[in-house]
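In terms of our numbering, the sequence shown is residues 392 to 625.
From the three backbone atoms N, C-alpha and C, an ideal C-beta is built for every residue, glycine too.
The structure appears right after this line, and notes come after that.
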Amino acid sequence: MSLEKFDLPRYLGTLALFSSVDAVQRQRLAAGCRLRRFARGTMIFRVGDHCAEFHVVVTGHVKLFAMSSAGVEKVVQLCGPGRSFGEGVMFLGAPYVLSAQALADTLLLTIGRATVLREIEASPEFGLRMLAGLSERLHGLVRDVEAYALHSGTQRVIGYLLGDHPRQDHPDEGRESISITLPVSKAAIASRLSITPEYFSRVLSELVAAGLIVVERRTIHIPDVARLAACQPP
392 MSLEKFDLPR YLGTLALFSS VDAVQRQRLA AGCRLRRFAR GTMIFRVGDH CAEFHVVVTG
452 HVKLFAMSSA GVEKVVQLCG PGRSFGEGVM FLGAPYVLSA QALADTLLLT IGRATVLREI
512 EASPEFGLRM LAGLSERLHG LVRDVEAYAL HSGTQRVIGY LLGDHPRQDH PDEGRESISI
572 TLPVSKAAIA SRLSITPEYF SRVLSELVAA GLIVVERRTI HIPDVARLAA CQPP
């Protein structure tokens, strides 16, 4: 993808956050944005770096993570295309509390704080959309805490497989049958679910043995979604 030919105002219109703004506003927003490429494994920012912007993943994947004093990494969020991150810290004007790293070759859209504040003043609806996005992120963190405290590792893996991932539907004799492709490594997903990579692989093997999934490298086929979902708590 050539950055010179990238239609930034048009792309902004495809994002839920900016879908309500008009063409003039999108042009104004685009002037306050920048596009950056990151090779796989590149650090985007680190804990303690100054934050004066937020980010949207155009292509690729980014992990947000914390590192303990003992060097143990905990993945807090995995961001794929269309996902934004960094808004909360940007509004606080505080340093980053997590680090971010590209898990694949990634194209990142970065929007400056001054641009965001200007548009909020011009469009209250835009401000409400940003508030809604932050609220959704907070609810997601609460659900994560609930899952870690109340759900088994197997239930967490099943919840991830049935979650909001790019997938293909395959009608099969009246049953909902889907296939998903793991967007990042099993190790990153396992850390996101607060389990070890070995445990994640063992759960997948157990689900295969039970006839609930079929694994083909990074693609996982779920022949009967309702049957797999029945293994989760209500």
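query                                                                                                          : result
Euclidean distance between Cα positions of residue 400 and residue 423                                         : 11 Å
CB-CB length for residue 445 against residue 481, believed under 8 Å                                           : 5 Å
Residue from 517, 453, 461, 497 whose Cα sits closest to the Cα of residue 477                                 : 453
Host beta strand (DSSP E) of residue 491 (start-end)                                                           : 490 to 493
Buried/exposed call for residue 599, threshold 16 Cβ in 10 Å                                                   : exposed
Cβ distance (whole Å) where residue 579 is taken to contact residue 467 below 8 Å                              : In fact, because the Cβ distance is near 11 Å, the residues do not count as touching under 8 Å.
Span of the beta strand (DSSP E), counted from its first residue to its last, around residue 569               : 569 to 572
Option nearest residue 409 by Cα separation, candidates 473, 432, 425, 434                                     : 473
Span of the beta strand (DSSP E) around residue 345                                                            : Nothing can be reported for residue 345: it is not among the residues displayed for the chain, which extend from 392 to 625.
Burial state of residue 425 (16 or more Cβ within 10 Å)                                                        : exposed
Nearest to residue 459 (by Cα), restricted to the options 431, 489, 396                                        : 489
N-terminal and C-terminal residue of the alpha helix (DSSP H) that residue 431 is part of                      : No alpha helix (DSSP H) contains residue 431, which DSSP labels as neither H nor E.
Buried versus exposed call for residue 596 [16 or more other C-beta atoms within 10 Å across all chains shown] : exposed
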